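Numbering (the working numbering), first residue to last: 188 to 481.
Here is the structure we will look at.
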Ligand SMILES: [Zn+2]
Ligand SMILES: [Zn+2]
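This is how it looks when you write it as C-alpha cells:
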C-alpha cells in the first residue's frame, strides 16, 4: 500500500500541478511571488518525503547539504532569474515584436496543450544544451553539478552560475502563450527537477518512466565512474523522451554519485571552477614574485 502510494506520487503530483494552475484565480497568477511560493512548497514537499521514504542512507540530508541547497535555490530564483529575464527573455520578446512574429494560434489551444508546448520547447532546448555541456568546452561550467556526492530534492539547483544561466535559456518568449501555462510548465519542471534528484524511493510505473525523467535515470547520469563517457547519457531534465529519440537513453541507476575523487565542492569552489586554473596561475606568479623580491 505504502509502496503503491509512493510509486504513483510523481505522476499524481504532476496532475495536481496541472489542475492547480488550470483553476487558480488570475489575481494569484499576477502576484510577483506566486511562482516562487508554489515552487518553494513543492521543494519543501519533496525534501520532506526524503525523511519518510529514504532511497539510500548515503544520500541522507544533513545541515551542510541543506544550507548549500537552499542557498542555490534562492540564488536561482533571484540572481539567475533576473539575468535570464534581462539578458534573454526580454531581448527575445523585443525581437519577436520588431519582426512581427505572431503565434496567436498558441493562445487558442486548450490549456493542457499550451502547457505541453511550453514543456516541450524548454525541454528540447535543455536537452541539447545539457548534451553540449558534456561534449564541448561548456563542460567546465557543468562539471561542478557532477561533483555533488549525494542526491537530494534541491540538488538540481546546485551548479556553477554560468551553467545555471545557460540551462535556463529557451525560446518560449517567441510564443504567445498565457502566463498561467508558462507557470504551470515551470511548476512541472521544478517538481520533477526535485523528484529526479531526490533521495526518495519512488519506483514509478513503466508508462510514466517511458515519458518522464526519474531518479533512476538521473542518478545514472550522475554515477561515479572512472570512465567519464559513461555519464554521457540521460540528458533530459523533466522528460526522457528526447534521450530515447536521439539515442542517449540508458537504463539503470547508480547509488554512488560524484566524479574525480568524489570530492564535494564548496560554494566558492563551484563558483570559481571554470577559472580555477587561471586563478592558480596568478597565485603561482604572485608567489614567484614574492620569493624573488624577498
Ligand atoms: Zn550532466
Ligand atoms: Zn543533476
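Even for Gly, the Cβ is constructed at its ideal location relative to N, Cα and C.
Because the structure is a prediction, the values reported are computed rather than measured.
What residues in its chain sit with their C-beta under 7 Å from that of residue i, if we drop five residues either side in the sequence?
i, result
"residue 449", "336 and 411"
"residue 454", "255 and 258"
"residue 240", "193, 387 and 388"
Have a look at the options and flag the residue whose alpha-carbon is nearest the alpha-carbon of residue i.
i, options, result
"residue 443", "221, 247 and 204", "247"
"residue 414", "386, 387 and 445", "445"
"residue 376", "439, 340, 306 and 259", "306"
"residue 378", "354, 425, 346 and 262", "425"
"residue 397", "362, 417 and 436", "436"
"residue 429", "468, 406, 407 and 400", "400"
"residue 382", "342, 457, 327 and 245", "342"
"residue 346", "456, 280 and 406", "456"
Ignore the nearest five residues each way along the sequence and tell me which others in residue i's own chain have a CB closer than 8 Å to its CB.
i, result
"residue 459", "466"
"residue 267", "348, 351, 352 and 355"
"residue 427", "396, 397, 398, 399, 400, 401, 404, 421 and 436"
"residue 262", "344, 348 and 351"
Taking all protein chains shown into account, do 16 or more other C-beta atoms lie within 10 angstroms of the C-beta of residue i, making it buried, or fewer, making it exposed?
i, result
"residue 274", "exposed"
"residue 181", "Because the chain in this structure spans residues 188 to 481, residue 181 falls outside the shown range and cannot be described."
"residue 299", "exposed"
"residue 315", "exposed"
"residue 214", "exposed"
"residue 284", "exposed"
"residue 251", "exposed"
"residue 339", "buried"
"residue 507", "The question about residue 507 has no answer, for the chain in this structure spans 188 to 481."
Between residue i and the rest of its own chain, which residues show a CB-CB distance below 6 Å, the 5 nearest in sequence each way excluded?
i, result
"residue 296", "none"
"residue 451", "336"
"residue 264", "223"
"residue 293", "362, 363 and 364"
"residue 236", "387"
- Query: Near ligand 1, which residues have their beta-carbon closer than 7 Å to a heavy atom?
  - Reply: 317, 320, 321, 329, 332, 333, 408, 418 and 422
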